[in-house]
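Numbering (this note's numbering), first residue to last: -14 to 284.
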């Protein structure tokens, strides 16, 4: 009996891996050291483009067929989320998964990342390159499977009942006193065709905006906890107005609390339903769709 033993040395294994077609990924960071490290760690597994700005990232996405995007959160975390907002529309249209990477992860940034629509959020630490590579590959494979599923629906009617259609060319009012929350919601809803968003920084301003133009708004997202006038009092004031749309317009509470008493207070104040932070696009559509259908002909 003969045995054939094949020994593949590391360099031969690397050559075998490199013989397979590499996926192209985009890495976005303002930190040169991070870009150099990531490129060094990932270059054997992916074709890599690196950029530092939204404009350059958009250009790269148009030039190459990207399989994934990695945005690195460093000292300027707001800049990283701003880049995401700028490129999210194009990435979504091309079904490119976006993941956030950071050296010092925290719950607030993680919640923000997923609320915006990122598919992953992870910390980069020494000795974890293999884990990062596997996570990126996993997201690419998931995205490719999703593309195949989407393709299987090509024979269906294009005018099927999709929740987003009820918001096309509508105006919604969002009452929130936190600027970052406004940026997140704007990015999340940016892909709905013709949707206009107006903001109020507290409940009092929300009531004033609605009272001034009651038939202008199709839906109100109302943060519960705000200065000057909270969302509960603002909702009660809107419902007391004499115009028809004051009673008809959907008002959705936005809160970080899952306390049953707060939820009960929201409903008693006249809110239609509750969205618990962090809000995802899917959560927003699921909660608002039924009210949008009912409110569709008020203008």
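By construction, the Cβ of each residue, glycine as well, lies at the ideal position given by its N, Cα and C atoms.
Note that the structure is a prediction, hence the values are computed from the model and not measured.
Which listed residue (the options) has its alpha carbon closest to that of residue i
i: residue 38; options: 201, 12, 49, 83; result: 12
i: residue 9; options: 273, 228, 81, 18; result: 81
i: residue 157; options: 200, 204, 149; result: 204
i: residue 254; options: 267, 271, 231, 269; result: 231
i: residue 90; options: 103, 113, 59; result: 59
i: residue 166; options: 128, 124, 211, 129; result: 211
i: residue 183; options: 201, 151, 176; result: 201
i: residue 28; options: 42, 99, 121; result: 121
i: residue 117; options: 163, 41, 23, 77; result: 23
i: residue 199; options: 244, 227, 17, 271; result: 227
i: residue 221; options: 174, 229, 173, 251; result: 251
i: residue 267; options: 174, 44, 48; result: 174
i: residue 30; options: 6, 21, 17, 48; result: 6
i: residue 164; options: 103, 119, 97; result: 97
i: residue 207; options: 66, 225, 229, 170; result: 170
Own chain residues within Cβ distance below 8 Å of residue i, not counting five before or after
i: residue 79; result: 46, 51
i: residue 276; result: 204, 235, 237, 257, 258
i: residue 286; result: With the chain represented from -14 up to 284, any question about residue 286 goes unanswered, as that position is not in the structure.
i: residue 94; result: 58, 62, 85, 87, 106
i: residue 127; result: 82, 104
i: residue 108; result: 86, 87, 88, 89, 90
i: residue 225; result: 231
Neighbourhood of residue i by C-beta distance below 6 Å, restricted to the same chain and skipping five residues each side
i: residue 191; result: 160, 185, 219
i: residue 209; result: 216, 238, 240
i: residue 19; result: 57
i: residue 115; result: none
i: residue 125; result: 8, 52, 53
i: residue 26; result: 114
i: residue 181; result: 156
i: residue 55; result: 12, 84, 86
i: residue 66; result: none
Cβ separation of residue i and residue j, assumed to be a contact under 8 Å, to the nearest whole Å
i: residue 87; j: residue 53; result: Not a contact, Cβ separation roughly 17 Å.
i: residue 162; j: residue 187; result: 6 Å
i: residue 214; j: residue 189; result: 4 Å
i: residue 172; j: residue 101; result: 6 Å
i: residue 260; j: residue 149; result: So it is not a contact: roughly 16 Å between Cβ atoms.
i: residue 274; j: residue 151; result: 6 Å
Close Cβ partners of residue i (< 7 Å) along its chain, the five nearest in sequence each way excluded
i: residue 179; result: 153, 154
i: residue 41; result: none
i: residue 15; result: 37, 59, 61, 64
i: residue 176; result: 74, 77
i: residue 272; result: 237, 258, 260
i: residue 49; result: 9, 34
i: residue 194; result: 158, 183, 185
For residue i: DSSP bridge partner residues
i: residue 222; result: Paired residues: none, contrary to the question.
i: residue 80; result: None; residue 80 has no bridge partner.
i: residue 9; result: 32
i: residue 239; result: 208, 260
i: residue 184; result: 159
i: residue 105; result: 84
i: residue 55; result: 12, 84
Short CB-CB distance (under 8 Å) between residue i and chain D
i: residue 222; result: Of the protein chains in this structure there is only one, and it is not chain D.
Looking at C-beta atoms only, is the number of pairs between the stretch 221 to 236 and the stretch 60 to 79 that lie closer than 8 Å three or more? no
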